[in-house]
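*Asks:* Quick mapping for you: the protein sequence lines, in order, are chains C and P.
Position in the first sequence (first residue = 1) + 1326 = the working numbering.
Position in the second sequence (first residue = 1) + 457 = the working numbering.
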Amino acid sequence: GDALLREDQRLPNQLRALAAEPGALSRANGSARFSHDGTQVLAAVWGPGEVRRARERPDRATLEVVVRPHAGLAGPLERELEQLLLSTLAHVVLLALHPRTLISVVIQPLMDDGALLAVAMHASCVALMHAGIPLRGMLGACTVALTPDRRVLLDPSRSEEAAAAAIATLAFLVRLPSAAAADGPCELLLSH
Amino acid sequence: MACHFLPSLRHQPFALLIWVSACPARRRVARGVRSGRESGDELQTSHMLSDPVLDTAARKDVILNGAAAFQKVHPLQFHQAFLSRGVRSDGRGLLRARHALANARIITSADGSSMVKLGRTTVLAGVRAQPTLPSETEPGLGRVVIVLELAPTCTTLSSAAMRGSAAQHRLEREQAALCELLQRTASGGLVALNELCIEEGRAVWECRCVLHVLEHDGNLTDACLLAMTGALADTRLPTVQLGDGEGNPHVSVASPAMVPLALGLPIFGVTFGILSGHLLVDPTADEEALLSTCFTVLLNANGSFHGLHKPGGAPLAHDVLQQSLDISQQQLARLSPLLPSPASGDGSAGESRKHDGHGS
């Protein structure tokens, strides 16, 4: 009934409208603008390209993630976001196919209305696909908010995140279905 | 132990060196070239050692350094050789955590302090409280600020790897992720922030908890959580009041009795790692470099699930997740005596709680 609906008239398990625009930047090897209605993130990918000898790895590509805040200098929150994205994307991208190269992902949040980490993951996944870098599967992420009155809300907005008792972001690797399997298995990659 | 390892190591010269170095020292010193043939279970070593070019002392060096060299050159195979037999390189079982030690009131000049040793990982936490202006949006809440510092001497990485802006960025990132986790835990429910208010809108306590990692031998998450909770539990603040002397507001001590901080339920973390498909509890620094994924299960002191922190890495199967949740419940019984109970007096200097790491 109406008591179940949230502020923006969504059901508790309803996501916001997703929109993806690959190729938002013309100069990057791959780029994408992904939005969950109010939260918009721009991701750009350069690579596989040259890497300095100090960072070169002989068996796999070096992955670099940079998060730029939309205002001001990068702080610890941006560093944490970089670390989470780096360790997740390091498992999604097939790094062993491009040894001694650098793959650089730059994330720029444009608007933040909740669920920023999940939108950044989606944007970087689409940007990597646009750049033609081989991936192990699709990356799907979702933010879940637990309200004080024990309701579970998917894809919370900023006001819902502020009022939540607990917030979790889960990312899954969705392998595309092979010829034998009916549907690809999802594996838990990130829980934050 | 020697005979147990013997049959499968017959054809692997590198693994053989490990077996030999595990023998007691006096047997190695007493054994010459010939006595190697005397006991039956040393036939394997005498076959390798009968090379006439090497003399006894050089041979001993080869044996003693061989295992260390193997670990340096093939670290993954070194650890896998142990894991396939259900132990780890330091002799622990796969699901056994290290010996944990927690000391409270280490630094008398700080308002609260704690030192935690988890095996060789050492973290020192100090809390300093200062009255400050509250933030505009939350005038009645105090603040807890967590700062994490990794001492330059804490890891065994060469200094060349630590220099340069890229290395600084990497360290900053790894520190930032852990620091944010600690900050969220502290501000989330560990400290009752409304109790830190001196006068609403005008003065609140700001507790600054600085964590120094003195030695990094893996599993910083658990050690830092314990150290931070221990230091906050050890913090004692005087009761103060805000006075308006000559138009300048200042904080004066109302009574000299030291009141401990009002803490909620402490949060404990149990860190797991997956190495070549084996689930490990409490990885050391050598193992951490080889793990395919590392995650921490956070539990309340009464055993309820507080959170799962898995910052990326290889995917986690559902049954492994379930197994780790069960194991962390068992570990809680080992970890909870490490923190001082609220009813323990005013904390004598150097009080310590030792607990053995019988985890499984």
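All C-beta atoms, glycine included, are put in the ideal place defined by N, C-alpha and C.
#1: May I ask you to report which of helix, strand or coil DSSP gives His-1362(C)?
#2: Please list the terminal residues of the continuous beta strand (DSSP E) segment that includes Ile-563(P).
#3: Short check: CB of Pro-713(P) to CB of Pro-740(P), under 9 Å?
#4: Please decide whether Gly-764(P) counts as near chain C, where near means a Cβ-Cβ distance under 9 Å.
#5: Quick check on DSSP: helix, strand or coil for Thr-741(P)?
#6: Span of the beta strand (DSSP E) holding Thr-1388(C)?
#7: Check the Cβ-Cβ distances between Pro-772(P) and every residue of chain C, and say whether any is below 9 Å.
#8: For Ser-1413(C) and chain P, any beta-carbon pair shorter than 9 Å?
#9: Measuring only the C-alpha atoms, how far is Ala-1494(C) from Pro-1474(C)?
#10: Identify each residue in the stretch 1414-1436 of chain C for which the Cβ-Cβ distance to at least one residue of chain P is less than 8 Å, and report them in chain order.
#11: For Val-573(P) versus Ala-690(P), is the C-beta spacing smaller than 9 Å?
#12: So, does the CB of Arg-630(P) fall closer than 9 Å to a CB anywhere in chain C?
#13: Who are the near neighbours of Leu-755(P) in its chain, counting only those whose CB is closer than 6 Å to its CB and skipping five residues on each side?
#14: Spell out whether any CB of chain C is found under 9 Å from the CB atom of Cys-636(P).
#15: Of all the beta strand (DSSP E) runs that stay within the bounds of the stretch 654-693 of chain P, which reach a length of 3 or more residues?
#16: Distance, Cα to Cα, Val-1367(C) vs Asp-1481(C)?
#17: Could you tell me the alpha carbon to alpha carbon distance between Ser-478(P) and Gly-548(P), rounded to whole angstroms?
#18: Which chain C residues sit within Cβ distance under 7 Å of Ala-525(P)?
#19: Determine the burial state of Ser-781(P): buried for a count of at least 16 other Cβ atoms within 10 Å of its Cβ, exposed for fewer.
#20: At a cut-off of 8 Å, would you count Arg-1462(C) as near the ligand ATP, judging by its Cβ distance to the nearest heavy atom?
#21: Give the single residue among His-1396(C), Arg-1462(C), Ala-1488(C) and Glu-1404(C) whose Cα lies nearest to the Cα of Leu-1472(C).
#22: Should Arg-600(P) and Ser-644(P) be called a contact, given that it needs their Cβ atoms to be closer than 9 Å?
#23: Cutting at 8 Å between CB atoms, please list the residues of its own chain near Pro-1338(C), excluding the five before and the five after it.
#24: Could you run through the stretch 1379-1409 of chain C and flag, in chain order, every residue whose CB is less than 8 Å away from some CB of chain P?
#25: Report yes if the CB atom of Leu-1454(C) is closer than 9 Å to the CB atom of Val-1419(C), and no otherwise.
#26: List the residues of chain P whose Cβ lies closer than 8 Å to the Cβ of Leu-1499(C), in chain order.
#27: So Arg-585(P) packs on Ala-567(P), CB below 8 Å; how close in whole Å?
#28: Among all the DSSP beta bridges, which residues are the ones paired with Ala-649(P)?
#29: In the structure shown, what three-state DSSP assignment does Gln-1335(C) receive?
#30: When you compare only the Cα positions, how much space is there between Leu-1389(C) and Met-685(P)?
#31: Straight-line CA distance for Val-602(P) to Ser-541(P)?
#32: Quick one: is Ala-1492(C) near chain P, going by C-beta distance under 9 Å?
#33: Curious, which full-length beta strand (DSSP E) runs of at least 3 residues does the stretch 1419-1497 of chain C contain?
#34: Compute the beta-carbon to beta-carbon distance between Gly-1356(C) and Val-1377(C), rounded to the nearest angstrom, for a pair I have assumed lies under 8 Å.
#35: Let me confirm a value: Lys-529(P) is counted as buried when at least 16 other C-beta atoms fall within 10 Å, else exposed. Which label applies?
#36: Sort out for me which residues DSSP pairs Cys-751(P) with in a bridge.
*Replies:* According to the data block:
#1: DSSP places His-1362(C) within a strand segment (E or B) once states are collapsed to three.
#2: Looking at the DSSP string, Ile-563(P) is not in any beta strand (DSSP E), and its letter there is neither H nor E.
#3: No, they are not a contact pair.
#4: Yes, because at least one Cβ of chain C sits closer than 9 Å to the Cβ of Gly-764(P).
#5: Thr-741(P) falls in the coil class under three-state DSSP.
#6: Here the beta strand (DSSP E) through Thr-1388(C) covers 1388-1393.
#7: Chain C, which has a Cβ nearer than 9 Å to the Cβ of Pro-772(P), makes this yes.
#8: Yes - at least one Cβ of chain P is within 9 Å of the one on Ser-1413(C).
#9: Roughly 14 Å separates the two Cα atoms.
#10: For the stretch 1414-1436 of chain C, which is checked against every Cβ of chain P, the residues closer than 8 Å are Thr-1414, Leu-1415, Ala-1416 and His-1417.
#11: Cβ distance not < 9 Å, so Val-573(P) and Ala-690(P) don't count as in contact.
#12: It does; some Cβ of chain C falls within 9 Å.
#13: Here the set comprises Ile-724, Gly-726, His-763 and Gly-764.
#14: Yes, its Cβ sits closer than 9 Å to a Cβ of chain C.
#15: Taking 3 residues as the shortest admissible run, the stretch 654-693 of chain P contains the following complete beta strand (DSSP E) segments, listed from N- to C-terminal end: 654-656 and 660-672.
#16: Straight-line Cα distance between these residues: approximately 15 Å.
#17: Per-residue confidence for Ser-478(P) stands at a pLDDT of 38, beneath the threshold of 50, marking its modelled position as unreliable; the derived number appears in the next sentence. Each residue's alpha carbon lies about 14 Å from the other.
#18: Result: empty, since nearest Cβ-Cβ is about 23 Å, beyond 7 Å.
#19: Ser-781(P) is buried by the Cβ-count criterion.
#20: Judged by which ligands are present, the structure shown has none, so any question about the ligand ATP falls away.
#21: By alpha-carbon distance to Leu-1472(C), the top candidate from His-1396(C), Arg-1462(C), Ala-1488(C) and Glu-1404(C) is Ala-1488(C).
#22: Against a cut-off of 9 Å, the Cβ pair of Ser-644(P) and Arg-600(P) comes out as a contact.
#23: Correct list, in chain order: Leu-1330, Arg-1332, Arg-1477, Val-1478, Leu-1479 and Leu-1480.
#24: Within the stretch 1379-1409 of chain C, the residues whose Cβ lies closer than 8 Å to some Cβ of chain P are Ala-1380, Arg-1381, Pro-1402, Leu-1403, Arg-1405, Glu-1406, Glu-1408 and Gln-1409, listed in chain order.
#25: Going by C-beta atoms, Leu-1454(C) is nearer than 9 Å to Val-1419(C).
#26: Within chain P, the residues whose beta carbon sits less than 8 Å from that of Leu-1499(C) are Pro-772, listed in sequence order.
#27: Yes, Arg-585(P) and Ala-567(P) are in contact; Cβ-Cβ is about 6 Å, under 8 Å.
#28: Under DSSP, Ala-649(P) takes part in no beta bridge, so it has no partner.
#29: Judged by DSSP in its simplified three-state form, Gln-1335(C) adopts coil rather than helix or strand.
#30: If I take the Cα positions, the gap works out to 32 Å.
#31: Annotation: Val-602(P) to Ser-541(P) spans about 44 Å, alpha carbon to alpha carbon.
#32: Look at Ala-1492(C): its C-beta is under 9 Å from a C-beta on chain P.
#33: The beta strand (DSSP E) runs of length 3 or more contained entirely in the stretch 1419-1497 of chain C are, from start to end of the chain, 1428-1437, 1464-1472 and 1478-1480.
#34: That belief does not hold up - the Cβ atoms of Gly-1356(C) and Val-1377(C) are roughly 18 Å apart, past 8 Å.
#35: Burial check for Lys-529(P): the Cβ neighbour count within 10 Å stays below 16, so the residue is exposed.
#36: For Cys-751(P), which the question treats as bridged, DSSP gives the partners Gly-730(P).
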